[in-house]
Structures are given as structure tokens and as C-alpha cells.
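Numbering follows the working numbering, in which position 149 of the sequence shown is assigned residue number 170; successive positions increment by one, without gaps. Glycine included, each C-beta is placed from N, C-alpha and C at the ideal position. Some notes on the structure that comes next.
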Amino acid sequence: MNPPLTPLLFVTGASSGIGQALALHYHAAGWRLALVARRAAELQAWADAAGLDRQRVAVYGADVRDLASIAAAAQACLDRQGLPDVVIANAGISVGIDPADAQDLAVLQATYETNNLGLAATFQPFVAPMCARGSGRLVGIASVAGIRGLPGHAAYCSSKAAVIAYCESLRGDCRPHGVRVVTIAPGYVDTPLTQGNRYGMPFLMSPQDFARRAAAAIAAGTSYRVIPWQMGVVAKLLRLLPNPLFDRVLAGRPRKRRRGE
Numbered sequence: 022m023n024p025p026l027t028p029l030l031f032v033t034g035a036s037s038g039i040g041q042a043l044a045l046h047y048h049a050a051g052w053r054l055a056l057v058a059r060r061a062a063e064l065q066a067w068a069d070a071a072g073l074d075r076q077r078v079a080v081y082g083a084d085v086r087d088l089a090s091i092a093a094a095a096q097a098c099l100d101r102q103g104l105p106d107v108v109i110a111n112a113g114i115s116v117g118i119d120p121a122d123a124q125d126l127a128v129l130q131a132t133y134e135t136n137n138l139g140l141a142a143t144f145q146p147f148v149a150p151m152c153a154r155g156s157g158r159l160v161g162i163a164s165v166a167g168i169r170g171l172p173g174h175a176a177y178c179s180s181k182a183a184v185i186a187y188c189e190s191l192r193g194d195c196r197p198h199g200v201r202v203v204t205i206a207p208g209y210v211d212t213p214l215t216q217g218n219r220y221g222m223p224f225l226m227s228p229q230d231f232a233r234r235a236a237a238a239i240a241a242g243t244s245y246r247v248i249p250w251q252m253g254v255v256a257k258l259l260r261l262l263p264n265p266l267f268d269r270v271l272a273g274r275p276r277k278r279r280r281g282e
């Protein structure tokens, strides 16, 4: 009898930040990895430099904004490595916009295509096979920024609010079939995505610490988790603030950098 395969993780946005930290965490735990990013050669070079075991790691080049591209990566994973145990839709972008500038509509479009359509396209090839098997985890990386809209953050905040709602809907579809949908809402994590921010970032955490906490929530099948928990408290308080008070608290807050700033 053949020994059972070690569990398999499929993760997008694996070339930097949270994606890399998750890859390293699961690799250290003995998992097989399917790593997805736009620049496959650079991702493979990083994986080799990090000492990841090529016997357990496969790299796939795909842009989640290109539906055919991410579908092909998913199929290649199924053919080469099998059906994942955990799929993490991590690829995302965060750019400030000026709602009065017509050029920023393209930024809004790119954000939705990456953070929302890309997430759905990442999950889609695995939903039916996981449900047929009766197990698995589909993990959406949202953000505490999805709790309330922040000035200058309209694209990112609205996209992450949509991630939270999409995953909640998907959870209802998948739960009867034994598949758990997990929504992870990070606070501030020290990655290239946040290092250009020009405002205070309370409870800033390392990618490694985030990956450890996220993996624990995923293993538990937690439906929704804010990491770190302190940001969850902040998010709940912000949600409860009446709009006039919320607007006053946010008045004068530095806006997120726009593309090119």
C-alpha cells in the first residue's frame, strides 16, 4: 500500500510578504507546496535560495487577473501534485486613489480584478473537487481595512470588504460538503505592501508571526479571524462609532500613497 501523501498547500502571491512567510511556515511543517506568482523564475530563485525542498515544492507562473492563467496554474497543480488540502488566495494589491481623478479608475479596476476576481478565480477550480472529496480549506486573505472605509483607501477598503462578504457567502455553499472557508483579516504586517505607508501602524507584526497565527486559525477551521487580536478590538470599536464621530476621528489622517507617489 502506498503511504499517504503529505498535505498540500496552494498559495497565490507567494513571491513576497505574507505569501513567502506562509510558504516558509508550511514548508517547515512538512507540507508540500504549490507556489503561484506572476514571476515564476524569480519565485523559483527565491525558493532555491531559501532552501525549499524541490521534491516538495512546485512553482507556477500565473497572474490572478488573467482568468485563463490562474485556471491553468490550478489545473497544472491538480495534474502534477493532486488536490490541495488548503488553498490560500493571498495575491493582492493596495494603492491609494483620488476619487476625483479619472486616471485612478484604472487603479480601482486593477484592484478589484486582483483582490476580488482573482480570489474567486483562485478558489473556483478547487471548489467542486474539494466538495466531492468532503474536506479542505479555502482561505481568503482580507484585511481590517475592509471593516470601514478610510479616506484615500477607497479601492483597497472596498475590495477587502468584498473579500469578507464573498468568503462568507462561499462558506455557506461549502460547509454542507465538509469544506471550510476561512477568512483571515490581517492588521498591519511588515511587508512591502505596508512599508510605504505614511501613517502610524499600531500592533505592527512580522510576516513570520502572522503566518504562525494564520496557520493555527486555518487548521482550526475558524470562519473569521482578525490577526493580531488587538486589531480585532480596534476594528470592532471603529465599526460601532457613529458616522459623525468616525469622520471626526479620521479627519486629517494621511492618505495612502497613490501610484507614482
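According to DSSP, residues forming a beta bridge with residue i
i: residue 56; result: 32, 80
i: residue 108; result: 31, 159
i: residue 207; result: 248
i: residue 202; result: 159
i: residue 151; result: For residue 151, which the question treats as bridged, DSSP gives no partner whatsoever.
Presumed contact (8 Å Cβ cut-off) between residue i and residue j, rounded CB distance
i: residue 106; j: residue 157; result: 6 Å
i: residue 249; j: residue 208; result: 6 Å
i: residue 206; j: residue 247; result: 5 Å
i: residue 244; j: residue 203; result: 7 Å
Coarse secondary structure for residue i, derived from DSSP in three states
i: residue 133; result: helix
i: residue 23; result: Confidence at residue 23 is low in this model, with a pLDDT of 47, below 50, so its placement is unreliable and the value that follows should be read with caution. Of the three classes helix, strand and coil, the one that applies to residue 23 here is coil, per DSSP.
Given residue i as reference, the closest of the options once Cα atoms are compared
i: residue 233; options: 28, 33, 27, 45; result: 45
i: residue 43; options: 253, 199, 197, 162; result: 162
i: residue 50; options: 58, 73, 170; result: 73
i: residue 79; options: 96, 85, 88, 87; result: 96
i: residue 35; options: 26, 27, 63, 52; result: 63
i: residue 180; options: 136, 255, 231; result: 136
i: residue 83; options: 66, 104, 139; result: 139
i: residue 17; options: 129, 52, 27; result: Residue 17 is absent from the model: the chain starts at 22 and stops at 282.
i: residue 272; options: 92, 151, 170; result: 170
i: residue 146; options: 91, 260, 164, 184; result: 91
i: residue 149; options: 194, 256, 260, 227; result: 194
i: residue 52; options: 58, 75, 65; result: 75
i: residue 240; options: 159, 98, 26; result: 159
i: residue 31; options: 54, 118, 164; result: 54
i: residue 280; options: 57, 115, 58; result: 115
Cutoff 8 Å: residue i Cβ touching any chain B Cβ
i: residue 148; result: Structure shown: chain B not included; a single protein chain is present.
Buried versus exposed call for residue i [16 or more other C-beta atoms within 10 Å across all chains shown]
i: residue 101; result: exposed
i: residue 173; result: buried
i: residue 70; result: exposed
i: residue 197; result: exposed
i: residue 258; result: exposed
i: residue 201; result: buried
The ligand GTP heavy atom lying under 7 Å from the CB of residue i
i: residue 107; result: Looking at this structure, you won't find the ligand GTP or any other ligand, since it has none at all.
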